[in-house]
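A.B. asks:
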Amino acid sequence: MNNGDFVEYITPKRGLRKGINFLYRDKLTMKKKFRVYENEWHLFITCEKSKQIWITTAKLWDVIQPKIKTAESYNDFIFNLLEQLHPHKSSQSAMILWYIRKTRNQKVWENVETTSSIVVSLALQSYSEWLSADASNNIYISASPPSTSQQIWTPPAIGLPKCNFDAIIFKDQNVFGIGMCLRDDNGTFIKAKTKHYQGTPQPQEAEVYALHQALVWIQQFKMMKDNLAATKPRASLSTIQKSL
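Under the UniProt record's numbering, residues 1 to 244 are what the sequence shown spells out, in order.
(1) Is it buried or exposed, Val216, if we count other Cβ atoms within 10 angstroms and call 16 or more buried?
(2) Assuming Ile53 is part of the alpha helix (DSSP H), what are its boundary residues?
(3) Excluding the 5 residues preceding and the 5 following Gly187 in the sequence, name in chain order all residues of the same chain whose CB lies nearer than 8 Å to its CB.
(4) Below 8 Å on the Cβ atoms is my guess for Ala214 versus Phe176; work out the distance and round it to an integer in Å.
(5) When you compare the CB positions of Gly179 and Thr194, do they come within less than 8 Å of one another, or not?
(6) Would you mind sorting Thr46 into buried or exposed? The rule is 16 or more other CB atoms within 10 Å of its CB.
(7) Among the residues of its own chain, which have a CB less than 7 Å from the CB of Ile55, if the five just before and after it don't count?
(8) When DSSP labels each residue in this structure, what does Asp62 get in the three-state scheme?
(9) Rounded C-beta distance between Met95 and Tyr74? I'm assuming under 8 Å.
(10) Hey, how far is the Cα of Glu129 from the Cα of Gln219?
(11) Which same chain residues, not among the five before or five after Ser91, have their C-beta less than 7 Å away from its C-beta?
(12) Is Asn111 helix, strand or coil by DSSP?
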């Protein structure tokens, strides 16, 4: 597998240093620099290494393969897949996708090779730590096994976007992270952002910070607060407000 396998998800700022214009999708420059132009399908699903992850380790290829042929787009494929899976498995799969992207970038920029089994191991470990952090604070997940009921995304009013945000704390690493995802009233993906920071604040403080950063982030898109539905998955904003 060569460096071109990973070019689509290299950060734009670092890509520009290599002469890649992400804004205009300069495929010719990408191909010249990296020999292969990449897309999200190949990076996350059909690349032999990614495929091996889904087949042998995550054991989800039988679910994924039929959906590849019927999906209208990559975004449609991912959201349909995650909605079909058990919530516990869906969360694990989302974490695996994130680690696939991370390890691909490590291969490009640091020439660090990561095996399929390690990719999944890291993803499942992070997911387990997230579950433990939530369960220990009794905010999102109880001590009982994950619910089998399907969680359904609720759309905002017609014509308005909706931003879901979340926070996660890794006490052992003295790090916490935040994430946010912006979608329109049809559930179509618009943009997403993740970021991590040093320190281990209280869960409520991390949630408040995630909310603040989400509001700062969406201002870049000329959106007023009153025109946006901002929600924390599985927790009401009243829970966050109590910590203020």
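Glycine included, every Cβ here is placed at the ideal spot set by N, Cα and C.
Because the structure is a prediction, the values reported are computed rather than measured.
C.D. replies: On the basis of the coordinates in this document:
(1) exposed
(2) Careful: Ile53 lies outside any alpha helix (DSSP H) and carries neither H nor E.
(3) Phe79, Trp153, Pro155
(4) Actually they do not touch by this definition, with Cβ atoms about 15 Å apart.
(5) One thing to note: Gly179 has its Cβ within 8 Å of the Cβ of Thr194.
(6) With a 10 Å radius around the Cβ and a threshold of 16 neighbouring Cβ atoms, Thr46 comes out exposed.
(7) Trp61
(8) helix
(9) About 18 Å separates the two Cβ atoms, so there is no contact after all.
(10) Linking Glu129 to Gln219 through their CA atoms gives a straight-line distance of about 32 Å.
(11) Tyr127
(12) DSSP places Asn111 in coil when its eight states are reduced to three.
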